[in-house]
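Listed below in structure tokens is the structure:
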């Protein structure tokens with residue numbers, strides 16, 4: 011049995027590898043917006059956590075979580091294709107979820123392409139629920155599916171209010 015790869019906060023020197031992996035796995039066929047300079051800004055931002063998993067010197071997965079008041083937004087998340095279905099995504103996302111809890115987030119939102127059935131299934135398996143469709147969200151016309159996971163018990167609606 012092999013040990014889980016360590017997950018840690020990204021460093022400035024991780025920015026190039028994260029940007030390249032984003033281009034290869036997430037932004038393929040789309041305008042490239044997560045270049046190294048933008049990733050570096052995210053790494054340095056006080057309201058963002060960028061987590062990486064590496065084996066030796068190879069980046070095998072990463073996630074970028076932005077914090078907006080009581081919500082956290084998983085802006086980017088990827089695991090190398092050859093490393094998928096090995097628990098690395100669950101490990102990375104678990105690390106990011108714990109960080110979001112520690113930061114006081116009540117829920118996490120993420121968006122996946124409607125045609126990315128594997129990503130949607132992954133999030134569903136980890137307790138995320140599809141809550142909205144964003145029609146034509148991507149430049150190639152594919153819809154986006156918004157998923158969310160509550161980290162804290164959702165406040166009950168006030169039974170006495172109209």
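Residue numbers (this note's numbering): 11 to 172. Glycine included, C-beta positions come from ideal geometry on N, C-alpha and C.
A distance below 6 Å between beta-carbons, with the five flanking residues on each side excluded, links residue 122 to the following residues of its chain, in chain order: 129, 130 and 155. A straight line joining the alpha-carbon of residue 126 with that of residue 33 spans about 16 Å. The stretch 47-58 makes contact with the stretch 17-30; the number of CB pairs closer than 8 Å reaches 3 or more.
Spanning the alpha carbons of residue 102 and residue 118 requires a straight line of approximately 14 Å. For residue 105, the enclosing alpha helix (DSSP H) has its first and last residue at 98-112.
Taking 8 Å as the upper bound for CB-CB distance, residue 161 and residue 111 are in contact here, some 5 Å apart. Secondary structure at residue 81: strand, using DSSP grouped into helix, strand and coil.
Within the model, the alpha-carbon separation for residue 107 versus residue 83 is close to 11 Å.
Secondary-structure assignment with DSSP links residue 71 through a beta bridge to 63 and 89. In the structure shown, residue 157 adopts extended strand secondary structure according to DSSP, grouped into three states. For residue 118, the uninterrupted beta strand (DSSP E) segment begins and ends at 117-123.
If you draw a straight line from the Cα of residue 57 to the Cα of residue 20, it is about 14 Å long. Judged by DSSP secondary structure, residue 152 falls outside any beta strand (DSSP E); it is assigned neither H nor E.
Annotated as proximal: residue 81 and residue 116, with beta-carbon spacing under 8 Å. In this structure, the beta-carbon distance from residue 97 to residue 150 does not fall below 8 Å. In this structure, DSSP gives residue 76 an extended state, which the three-state scheme calls strand.
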